[in-house]
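**Student:** My questions all concern the structure below.
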Amino acid sequence: MNESSEKLVEKFLKFHSGHSQNTVKYYRSGLKAFMRYFDENKSWENITIEDAINFYNGYNQTEDGRDVNKNTKIKRLNDVNRFYEWAVEHQYLFKNPVKTFVKTLKFEKKERLNLSEKQVQTVLAKVMNYDYYVYTLFLLKTGVRISEFQNILYNDVDLDDHSIYIRDGKGGKDRYVFIDNELLNHLKNYIAYRENLNLKTDCFFVTEQGKKVTNYAIDKFRDYLKEVTKDKIPFDVTPHVFRHTFGTLACEDEMNLIVLSKIMGHSNLNTTSGYVHSNKESRKKEYLRVMNNKK
Numbered sequence: 001m002n003e004s005s006e007k008l009v010e011k012f013l014k015f016h017s018g019h020s021q022n023t024v025k026y027y028r029s030g031l032k033a034f035m036r037y038f039d040e041n042k043s044w045e046n047i048t049i050e051d052a053i054n055f056y057n058g059y060n061q062t063e064d065g066r067d068v069n070k071n072t073k074i075k076r077l078n079d080v081n082r083f084y085e086w087a088v089e090h091q092y093l094f095k096n097p098v099k100t101f102v103k104t105l106k107f108e109k110k111e112r113l114n115l116s117e118k119q120v121q122t123v124l125a126k127v128m129n130y131d132y133y134v135y136t137l138f139l140l141k142t143g144v145r146i147s148e149f150q151n152i153l154y155n156d157v158d159l160d161d162h163s164i165y166i167r168d169g170k171g172g173k174d175r176y177v178f179i180d181n182e183l184l185n186h187l188k189n190y191i192a193y194r195e196n197l198n199l200k201t202d203c204f205f206v207t208e209q210g211k212k213v214t215n216y217a218i219d220k221f222r223d224y225l226k227e228v229t230k231d232k233i234p235f236d237v238t239p240h241v242f243r244h245t246f247g248t249l250a251c252e253d254e255m256n257l258i259v260l261s262k263i264m265g266h267s268n269l270n271t272t273s274g275y276v277h278s279n280k281e282s283r284k285k286e287y288l289r290v291m292n293n294k295k
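Residue 1 is where the sequence shown starts when you use full-length UniProt numbering, and the numbers rise one by one after that.
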């Protein structure tokens with residue numbers, strides 16, 4: 001798309017600069033993906049509903065070759081719809097050509113993937129890289145989102161208080177997550193290891209080069225997890241699976257849902273309650289407990 005379209009996107013992002021950095025980054029990536037799909041003869045003024053349909057049907061790979069699923073396509077078009085609604089409201093544009101099409105799109109509801117306690121131990125046993133082991137254990141023990149993990153600062157971690165301050169989480173909200181005894185011991189060792197690196201950042205978690213854990217570094221971590229667990233776990237193990245695992249196992253251990261909701265940074269308790277018997281094995285166990293004890 002043309003240069004004037006780029007400038008209008010920058011105005012949109014600047015208008016939303018009060019949101020969290022991650023939210024603005026998400027908006028940007030969605031709009032950029034849509035814009036890159038069209039040549040420079042296209043602009044926001046001459047995009048049509050047919051263009052939106054073509055994008056939905058044709059946007060199947062990212063620039064770096066990753067496959068794009070249905071839900072990602074819908075998210076991208078929702079980003080475009082949000083942009084148009086803003087542009088029309090502020091009279092930069094006169095119509096929203098994608099609105100009616102976006103209303104027809106429905107997200108695919110997928111089974112949440114999570115690890116059982118036995119699978120958690122299998123994954124930890126397969127992760128031999130020290131940095132990745134600490135990353136993995138931390139994500140499993142705290143349930144933080146990967147973007148939150150990347151932004152934790154050294155001073156946000158209070159080992160004496162067994163707590164970690166999560167700043168600027170989803171929706172711009174701050175909160176605390178906590179450290180159990182197993183994680184505490186590993187974090188103490190990690191701090192000693194970290195001090196011997198040539199540090200170039202105030203972030204708590206760093207690469208072997210002492211740099212912030214960037215999205216590229218997370219991609220490498222994700223690829224590593226898939227590779228070392230591919231013959232042991234029947235689905236792709238990703239950092240987000242660790243978050244689902246934390247929520248599911250906490251529910252199975254009967255953690256108070258309101259407390260769990262606060263720890264996970266959910267804005268709605270219904271989101272947290274989705275972790276109750278969220279996987280097949282948990283539902284089967286509950287079913288058999290009830291049905292086999294009938295008199």
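Think of the CB as a built atom: it goes at the ideal place given N, C-alpha and C, for glycine as much as any other residue.
1) Determine the closest residue to K110 out of V241, I258 and S267, with distance taken between C-alpha atoms.
2) For the alpha helix (DSSP H) that contains S261, what are its first and last residues?
3) Return the chain-ordered list of same chain residues with a C-beta closer than 7 Å to the C-beta of R222, the five sequence neighbours on each side being excluded.
4) May I ask you to list the residues that DSSP assigns as paired with K212?
5) In the DSSP assignment, what residue or residues form a beta bridge with residue 300?
6) S163 lies in the beta strand (DSSP E); which residues open and close that run?
7) Below 8 Å on the Cβ atoms is my contact criterion, and I expect G265 with I166 to pass it. Report the Cβ-Cβ distance as a whole number of Å.
8) Mind checking whether the beta-carbon of Y56 lies closer than 6 Å to any heavy atom of the ligand ADP?
9) Using the C-alpha atoms, what's the distance from G169 back to Y154?
10) Could you round the C-beta distance between K126 and V228 to whole angstroms and report it? I think they count as a contact, below 8 Å.
11) What's the gap between the Cα of E108 and the Cα of I74?
12) Taking the beta carbon of E89 as the centre, do at least 16 other beta carbons fall within 10 Å, making it buried, or is it exposed?
13) Give me the Cα-Cα distance between H152 and K14, rounded to the nearest whole angstrom.
14) If distances are taken between C-alpha atoms only, which option among S147, P97, N69 and T72 comes closest to V213?
15) Confirm, please, whether the CB-CB distance from L113 to D235 is below 7 Å.
16) My output table needs one value for L199: the three-state DSSP class, helix, strand or coil.
17) Can you give the Cα-Cα distance for T136 and F94, rounded to whole angstroms?
18) Using a threshold of 7 Å, state whether the C-beta atoms of C251 and V276 are closer than that.
19) Expressed to the nearest angstrom, what Euclidean distance is found between the alpha-carbon atoms of F34 and D156?
20) Can you tell me whether V157 is helix, strand or coil according to DSSP?
21) Taking C-alpha atoms, which residue in T201, V68 and N81 lies nearest to A52?
22) Express the C-alpha separation of G210 and N189 in angstroms, rounding to a whole number.
23) Quick check on the burial criterion: 16 or more other C-beta atoms within 10 angstroms. Buried or exposed for T48?
24) How would you write the range of the beta strand (DSSP E) that V177 sits in, first residue to last?
25) Do T207 and A217 have their CB atoms nearer than 7 Å?
26) Tell me whether W44 sits in a helix, a strand or coil according to DSSP, three-state version.
27) Starting from N151, follow the alpha helix (DSSP H) in both directions and report where the run begins and ends.
28) Using CA atoms only, rank isn't needed, just tell me which of M128, V259, D79 and E50 is closest to G143.
29) Going by Cα to Cα distance, which pick from F12, V9, Y193 and E50 is closest to D131?
**Tutor:** From the atom records:
1) V241
2) L257 to M264
3) T238 and P239
4) V206
5) No answer is possible for residue 300: it lies beyond the span of the chain, which begins at 1 and ends at 295.
6) S163 to I166
7) 7 Å
8) Among the components of this structure there are no ligands whatsoever, and the ligand ADP is therefore not found.
9) 17 Å
10) 4 Å
11) 10 Å
12) exposed
13) Note that residue 152 is Ile in the sequence shown, not His. The alpha-carbon atoms of I152 and K14 are separated by roughly 25 Å.
14) S147
15) According to the sequence as given, residue 235 is Phe; it is not Asp. A contact, by the Cβ cut-off of 7 Å.
16) coil
17) 48 Å
18) yes
19) 37 Å
20) strand
21) N81
22) 16 Å
23) exposed
24) R175 to F178
25) yes
26) coil
27) I146 to N151
28) V259
29) Y193
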